[in-house]
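Participant:
Protein chains: 2
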Amino acid sequence: MIADLNIDIPAWFKEKAEAARPQIKDIDSAMALAIEFSAENIRRGHGGPFGAVVIRADDHSLVAAGANLVTSRGLSSLHAEVVALSLAQRMLKTWDLHSAGELILVSSCEPCIMCMGATIWSGVTHLVCGARGSDAELAGFDEGPKPEHWEDQLRQRGIAVQVDVQRDAAAKVLAHYASGGGKIYNARGQS
Amino acid sequence: MIADLNIDIPAWFKEKAEAARPQIKDIDSAMALAIEFSAENIRRGHGGPFGAVVIRADDHSLVAAGANLVTSRGLSSLHAEVVALSLAQRMLKTWDLHSAGELILVSSCEPCIMCMGATIWSGVTHLVCGARGSDAELAGFDEGPKPEHWEDQLRQRGIAVQVDVQRDAAAKVLAHYASGGGKIYNARGQS
């Protein structure tokens, strides 16, 4: 049996985040960074074309940034949102981010059903999305059986939701991944 | 920024799993182990009262076992199912468990919305549940906005679902946790 579950975070996450830190001052700059993470992740071959960033709601300063690590780290739960939320929770030393203040999860794509749940349990109070779930599906990914009005479900739980922020730029990365024959990492190759 | 995301797995996971290994030969013995993990996790104070086990569908041999580690490891995504599936993926060296054969996730409780998604993406072909989501809700936990017919959604994706296996024994652990004033670890203390 395995004694540890170590997830080696690529060095470029830290380098890219630190280099961008001075520029992160609003939702738009945070989304640009999330999209950059999605694109860089393709170039590095570390996982699916998804990036996510956690920022503070008050001054929009950067807390954590990450990308999908499913294929390179061998764990199907390492979607970009889970990676970024986990890094933020370790950074702020709490499993409940709300206890550290109001935080925003900025993701290059709308959440799949797992990440929708992960967002609720994380304690963030805002979710901002770039590409739509339908853009991910066009690229061959599966969003899972999400409730039809998923944004409303999050809002009912106190999480403000904003979609279509730089949607075109985010969707372009997904299309690029698909056209390049990128691996669709859903279990059993389902699309 | 954090460079790693190491998750220290408690030593008792391995000890308990190895001690039980010779007895795991069917669904019932696997569920008994999942429930034991849920109960031991309360005694150890390592997280919520949930346990999960991954076994092979052909000979029902044990692959991995775990419990909820949210509060002790500081990550809100570490529900028992995610922990057990991750350990199985590391053990079998693949993010797609289906590539390693047909595997069964045996959980002491029905999945929340996040773990429903995690189950789909993991590549397991069977899910077996002990307590119902309503039992967890009675104890103060939140299942999240799951689709109404969640079992059907999994079945449509090729995952066989069996519920109410040793439900009473599993629900008893949840009730015990609640009556003992156990921490409800949903973000922002929502119940």
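So the protein lines, in turn, are chains A and B.
The first sequence begins at 1 in the working numbering and counts up by one.
The second sequence begins at 192 in the working numbering and counts up by one.
Beta carbons are placed, not taken as given, at the ideal position from N, Cα and C, and that holds for glycine.
(1) For the stretch 133 to 152 of chain A against the stretch 72 to 82 of chain A, do three or more pairs of beta-carbon atoms, one drawn from each stretch, fall closer than 8 Å, so that the two count as touching?
(2) Are B/K205 and A/A3 close, meaning C-beta to C-beta below 8 Å?
(3) Tell me which same chain residues have a C-beta within less than 8 Å of the C-beta of A/M198, skipping the five on either side of it?
(4) Please work out which residues of its chain come closer than 6 Å, Cβ to Cβ, to B/A230, disregarding the five sequence neighbours upstream and downstream, and give them in chain order.
(5) Give the secondary structure of B/D195 by DSSP, where H, G and I count as helix, E and B as strand, and everything else as coil.
(6) Does the CB of B/Q214 have a neighbour CB from chain A at under 8 Å?
(7) Could you check where the alpha helix (DSSP H) with B/I311 kicks off and where it finishes?
(8) Terminal residues of the continuous alpha helix (DSSP H) containing A/S225?
(9) Please name the residue or residues paired with B/V244 in a DSSP beta bridge.
(10) Does A/M31 get closer than 8 Å to chain B when you measure Cβ to Cβ?
(11) Tell me the rounded alpha-carbon separation between B/G236 and B/R264.
(12) Quick one: which chain B residues come within Cβ less than 8 Å of A/N6?
(13) Give, in chain order, every residue of the stretch 231 to 246 of chain B whose Cβ lies closer than 8 Å to some Cβ of chain A.
(14) Any C-beta of chain B within less than 9 Å: which residues of the stretch 95 to 108 of chain A qualify?
(15) Quick one, which residues of the stretch 81 to 93 of chain A are near chain C if we go by CB-CB under 8 Å, in chain order?
(16) Below 7 Å CB to CB, which residues in the same chain sit around B/Q214 once its five sequence neighbours on both sides are set aside?
(17) Could you tell me the boundaries of the alpha helix (DSSP H) in which A/A175 lies?
(18) Can you grab the Cα-Cα spacing for the pair A/E110 / B/A210, in whole Å?
(19) Which value, in whole angstroms, describes the spacing of the CA atoms of A/L97 and A/S122?
(20) Counting only Cβ pairs nearer than 7 Å, list the residues of chain A close to B/Q344.
(21) Mind reading off the beta-carbon distance from A/I120 to A/P145? Whole number of angstroms is fine, and I expect it under 8 Å.
(22) Rounded to whole angstroms, what is the Cα-Cα separation between A/L85 and B/A322?
(23) Which value, in whole angstroms, describes the spacing of the CA atoms of B/R346 and B/M222?
(24) In three-state terms, what does DSSP make of A/A84?
(25) Which term fits B/H317, buried or exposed, when burial requires 16 or more other beta carbons within 10 angstroms of its beta carbon?
Facilitator: Quick look at the numbers:
(1) Judged by Cβ distances under 8 Å, the stretch 133 to 152 of chain A makes no contact with the stretch 72 to 82 of chain A, as fewer than three pairs qualify.
(2) Here residue 205 of chain B corresponds to residue number 14 of the second sequence, with the count starting at 1. Here residue 3 of chain A corresponds to residue number 3 of the first sequence, with the count starting at 1. Taking 8 Å as the Cβ cut-off, B/K205 and A/A3 qualify as a contacting pair.
(3) Within the shown structure, residues of chain A are numbered from 1 to 191, placing residue 198 of chain A beyond reach of any answer.
(4) Taking the second sequence and counting its residues from 1, one reaches residue 230 of chain B at position 39. These residues qualify, in order along the chain: V364.
(5) Taking the second sequence and counting its residues from 1, one reaches residue 195 of chain B at position 4. Note: B/D195 maps to strand in three-state DSSP.
(6) The sequence position of residue 214 of chain B within the second sequence is 23, counting from 1. Chain A, which has no Cβ nearer than 8 Å to the Cβ of B/Q214, makes this no.
(7) Counting from 1 along the second sequence, the entry for residue 311 of chain B is found at position 120. 304 to 313 is the span of the alpha helix (DSSP H), which, as asked, contains B/I311.
(8) Summary: the structure shown does not reach residue 225 of chain A, with chain A confined to residues 1 through 191, and so no result is reported for it.
(9) Here residue 244 of chain B refers to the residue found at position 53 when the second sequence is read from its first residue. Answer is B/A256, B/V297, bridged to B/V244.
(10) Residue mapping note: residue 31 of chain A aligns to position 31 of the first sequence, counting from 1. Answer no: the Cβ-Cβ gap between A/M31 and chain B never drops below 8 Å.
(11) As a working mapping, residue 236 of chain B is identified with position 45 in the second sequence. As a working mapping, residue 264 of chain B is identified with position 73 in the second sequence. So the alpha carbons of these two residues sit roughly 11 Å apart.
(12) The residue given as residue 6 of chain A occupies position 6 in the first sequence. Those are D195, L196, N197, I198, listed as they occur along chain B.
(13) none
(14) W95, D96, L97, H98, S99
(15) Looking at the structure shown, chain C is missing, and the protein chains on hand are A and B.
(16) By one-based count along the second sequence, residue 214 of chain B stands at place 23. These residues qualify, in order along the chain: S220.
(17) As a working mapping, residue 175 of chain A is identified with position 175 in the first sequence. Taken as a continuous stretch (DSSP letters only), the alpha helix (DSSP H) holding A/A175 covers 167 to 179.
(18) Along the first sequence, one-based indexing puts residue 110 of chain A at 110. Along the second sequence, one-based indexing puts residue 210 of chain B at 19. Distance between the alpha carbons of A/E110 and B/A210: 43 Å.
(19) As a working note, residue 97 of chain A is residue 97 in the first sequence. As a working note, residue 122 of chain A is residue 122 in the first sequence. Between A/L97 and A/S122, the C-alpha separation is close to 6 Å.
(20) Position 153 of the second sequence holds residue 344 of chain B. Here the neighbours are P145.
(21) For this step, residue 120 of chain A is matched to residue 120 along the first sequence. For this step, residue 145 of chain A is matched to residue 145 along the first sequence. Incorrect: roughly 16 Å between the Cβ atoms, too far for contact.
(22) Along the first sequence, one-based indexing puts residue 85 of chain A at 85. Along the second sequence, one-based indexing puts residue 322 of chain B at 131. About 28 Å.
(23) Translated into the one-based positions of the second sequence, residue 346 of chain B becomes position 155. Translated into the one-based positions of the second sequence, residue 222 of chain B becomes position 31. Those two C-alpha atoms are separated by around 20 Å.
(24) In the first sequence, the residue the question calls residue 84 of chain A occupies position 84. Here A/A84 sits in helix by DSSP.
(25) Locating residue 317 of chain B in the second sequence gives position 126, counting from the first residue. Buried: at least 16 other Cβ atoms inside 10 Å.
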